[in-house]
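Student: Residue numbers (full-length UniProt numbering): 1 to 111.
1. Any contact of the segment 71-84 with the segment 34-44, i.e. 3+ C-beta pairs under 8 Å?
2. Should residue 40 and residue 53 be called a contact, given that it needs their Cβ atoms to be closer than 7 Å?
3. Tell whether a beta-carbon distance below 7 Å holds between residue 57 and residue 63.
4. Just to confirm the assignment, what range does the alpha helix (DSSP H) spanning residue 66 have?
5. Under DSSP, the alpha helix (DSSP H) around residue 13 begins and ends at which residues?
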């Protein structure tokens, strides 16, 4: 069952005007949904696709699949990034570094 919502006079007039210009219903839908999706993504940049889909489907629009949201996110230019894992220095690493620095304190640029 599709989730229906009431349109304001402005939204209804906008849709009628766009339809008179020859655009399809799917083109009209694309005008509204990406803005809301972009807001949801920017609110929580670390959210997973399923979390974004849950937030998006909780709203007044019809429900969409995770794959549809993924496709739209990629089309918007958002990309996932994994943080670089940098190993921490242990006490042994610090001690070895200090020993090396003390042994080579006399080095110059010319050496």
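Every residue gets a Cβ at the ideal spot worked out from N, C-alpha and C, and that includes glycine.
Tutor: On the basis of the data shown:
1. yes
2. no
3. yes
4. Membership of residue 66 in the alpha helix (DSSP H) is indicated by the continuous run 66-76.
5. 9-20
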